[in-house]
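**Q**
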Amino acid sequence: MTSAGTPAGGDAGDRPGGTAAARFDLTGRTALVTGAARGLGRAFAVALAGAGADLVLTDLPSADGLAETAAAVRESGRGVLTVEQDLSDTGALHGFADRVREQAGPIRVLVNNAGTAALERFNEITPDSWYRVMRVNLDAVFFLTQRVAEHMVADGLPGRIVNITSKNALVAEAGLAHYNASKAAVDLLTQTLAVELAPHGITVNSIAPGMVDTPIDGEFPFDREAFEAEYRRRIPLGRYARPEECTGALLLLAGDDGAYLTGTRIVVDGGVLADQMPRTAFMPPYRTSLGPQRKDGTTS
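Counting in UniProt numbering, the sequence shown runs from 1 upward without gaps.
(1) Below 8 angstroms between beta carbons: does that hold for ASP59 and GLU84?
(2) Start and end of the alpha helix (DSSP H) containing LEU40?
(3) Along the beta strand (DSSP E) that carries THR54, what are the first and last residues, could you check?
(4) State buried or exposed for ASP64, treating a residue as buried only when at least 16 other CB atoms are found within 10 Å of its CB.
(5) Does PRO209 come out as helix, strand or coil in the three-state DSSP assignment?
(6) Exposed or buried, LEU287, counting other C-beta atoms within 10 Å across all chains shown (16 or more means buried)?
(7) My assumption, with CB atoms under 8 angstroms, is that VAL204 sits in contact with THR214. Please give the rounded CB distance.
(8) Can you tell me the Cβ-Cβ gap for LEU40 and ALA254, rounded? I've got them flagged as a contact below 8 angstroms.
(9) Look at the alpha carbon of LEU66 and the alpha carbon of GLY35, and state the distance between them as a whole number of angstroms.
(10) Would you call the region 84 to 94 and the region 131 to 147 in contact, with 3 or more CB pairs under 8 angstroms?
(11) Check the DSSP bridge columns for ARG160 and list the partner residues they point to.
(12) What does the Cβ neighbour count give for PRO284, buried or exposed, with the cut at 16 atoms within 10 Å?
(13) Report the option in ILE202, ALA149 and PRO278 whose CA atom is closest to the CA atom of ARG233.
(14) Going by beta carbon distance, what residues of the same chain come within less than 6 angstroms of THR264, once the five residues before and after it are set aside?
(15) Which stretch, first to last residue, makes up the beta strand (DSSP E) that contains VAL136?
(16) Identify the continuous beta strand (DSSP E) that holds residue 382 and give its terminal residues.
(17) Classify TYR179 as buried or exposed, calling it buried when 16 or more other Cβ atoms lie within 10 Å of its own Cβ.
(18) Are VAL268 and GLY201 closer than 8 angstroms when you measure CB to CB?
(19) When burial is assigned at 16 or more other CB atoms within 10 Å of the CB, is GLY10 buried or exposed?
(20) According to DSSP, which residues form a beta bridge with VAL33?
(21) Compare the Cα-Cα distances from GLY50 to each of LEU261, PRO61, ARG38 and GLY79 and report the closest residue.
(22) Taking 8 angstroms as the threshold (beta carbon to beta carbon), is THR264 in contact with chain B?
(23) Taking ARG101 as the reference, give the member of LEU157, ALA174 and VAL148 with the closest Cα.
(24) Just checking, does the region 226 to 240 make contact with the region 166 to 184 on the three C-beta pairs under 8 angstroms criterion?
(25) THR82 bridges to which residues according to DSSP?
(26) Can you give the Cα-Cα distance for LEU32 and ARG38, rounded to whole angstroms?
(27) May I ask whether a heavy atom of the ligand ADP can be found less than 7 angstroms away from the beta carbon of ALA63?
(28) Going by DSSP, what residue range makes up the alpha helix (DSSP H) through ASP98?
(29) Near ARG135, which residues of its chain fall below 7 angstroms by C-beta distance, leaving aside the five closest residues on each side in sequence?
(30) With DSSP run on the structure shown, which of helix, strand or coil describes LEU237?
In structure tokens:
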């Protein structure tokens with residue numbers, strides 16, 4: 001991996017103390033991000049580069065956008081290596097991890113972001129469809145983490161593994177039985193790996209986004225406009241997240257300030273899981289005695 005300012009190797013360990021900027025500084029560390037061609041994967045890669053990390057980016061050989069993500073990383077002055085890999089070929093993932101290690105050096109941060117989904121009623125899901133979702137969303141996370149974690153242990157450096165799950169790991173959504181099941185499985189896998197890897201100084205956590213404005217939703221064959229209008233109505237913050245709004249959670253979990261966080265989950269969903277029933281639309285307008293109010297009850 002070559003870039004102006006790319007350090008050789010990494011630091012000797014975590015860097016406690018210092019300024020907030022120093023505690024979030026990832027200089028000297030290399031991060032591997034899967035599903036990096038677009039959406040959340042691109043946002044995660046750019047954010048990690050902005051914090052000083054060098055990047056290894058991977059996506060499907062047929063994926064558009066990997067070069068654009070790499071260019072965005074280079075704009076931060078960081079080193080970047082792109083490696084095309086079909087993660088559903090789980091038997092090839094140990095070899096893939098080995099090649100990455102040989103070409104980029106020790107991986108200090110692994111972001112298991114790649115995912116796939118299909119909108120199908122449960123009785124329409126074929127074995128091929130079920131296993132395709134499971135291979136990418138669950139099997140690839142396990143087998144890639146298995147090998148990268150072995151490298152981390154062998155290198156003797158603190159590691160960070162972050163699995164991107166979904167609010168669907170915690171609450172069901174119709175038409176996504178295979179997706180829901182895969183994300184819930186990764187959630188418990190995260191806790192299991194956190195316990196097993198803790199003695200080696202490796203933390204394993206997850207980020208569970210809600211509805212994010214990414215291409216994965218656009219692939220579903222339904223009335224997108226009507227669906228989005230209804231879904232936004234149910235989100236307390238009233239909108240989908242931008243991919244960049246999920247990166248703060250990643251930087252916390254990837255950096256030194258997250259050194260004592262393991263086996264946990266950060267939900268980034270605009271308040272969806274906090275709201276049992278979208279009742280506020282049927283309540284009187286918000287009122288306060290702290291200042292002049294507009295007609296809708298809010299203060300000016």
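Even for Gly, the Cβ is constructed at its ideal location relative to N, Cα and C.
**A** According to the data block:
(1) In this structure, ASP59 lies near GLU84, with their beta-carbon atoms less than 8 angstroms apart.
(2) Residue range 39 to 50 is occupied by the alpha helix (DSSP H) that includes LEU40.
(3) According to the sequence shown, residue 54 is Asp rather than Thr. Per DSSP, ASP54 belongs to the beta strand (DSSP E) from 54 to 59.
(4) Result: exposed.
(5) PRO209 falls in the strand class under three-state DSSP.
(6) Note that residue 287 is Arg in the sequence shown, not Leu. Classification for ARG287: exposed.
(7) At roughly 24 angstroms, the Cβ-Cβ gap does not stay under 8 angstroms, so VAL204 and THR214 are not in contact.
(8) About 14 angstroms separates the CB atoms of LEU40 and ALA254; that is not less than 8 angstroms, and the two are not in contact.
(9) Across the structure, LEU66 and GLY35 are spaced so that their CA atoms are roughly 9 angstroms apart.
(10) Below 8 angstroms, enough C-beta pairs join the region 84 to 94 and the region 131 to 147 to call them touching: three or more.
(11) For ARG160, DSSP records a beta bridge to VAL109 and THR203.
(12) By the 10 Å Cβ count, PRO284 comes out exposed.
(13) Among ILE202, ALA149 and PRO278, the Cα nearest to that of ARG233 belongs to PRO278.
(14) These residues qualify, in order along the chain: ASN205.
(15) For VAL136, there is no enclosing beta strand (DSSP E), since its DSSP letter is neither H nor E.
(16) Only positions 1 to 300 of the chain appear in this structure, which leaves residue 382 out of reach.
(17) By the 10 Å Cβ count, TYR179 comes out buried.
(18) No, these two residues do not count as a Cβ contact at 8 angstroms.
(19) Here the model assigns GLY10 a pLDDT of 40, short of 50, so the residue's position is not dependable and the matter cannot be decided.
(20) According to DSSP, which records beta bridges pairwise, VAL33 is partnered with LEU57 and VAL111.
(21) Taking each of LEU261, PRO61, ARG38 and GLY79 in turn and checking the Cα distance to GLY50, the smallest one comes out for GLY79.
(22) The chain inventory of the structure shown lacks chain B, comprising one protein chain alone.
(23) Comparing Cα-Cα distances from ARG101 to each of LEU157, ALA174 and VAL148, the minimum goes to VAL148.
(24) The region 226 to 240 is not in contact with the region 166 to 184.
(25) Paired residue(s): LEU57.
(26) If I take the Cα positions, the gap works out to 15 angstroms.
(27) As for the ligand ADP, it is missing from this structure, which has no ligand bound.
(28) If you look at ASP98, you'll find it in the alpha helix (DSSP H) that goes 93 to 104.
(29) So the qualifying residues of the chain are SER88 and THR90.
(30) LEU237 carries a coil assignment under DSSP once its states are collapsed to helix, strand and coil.
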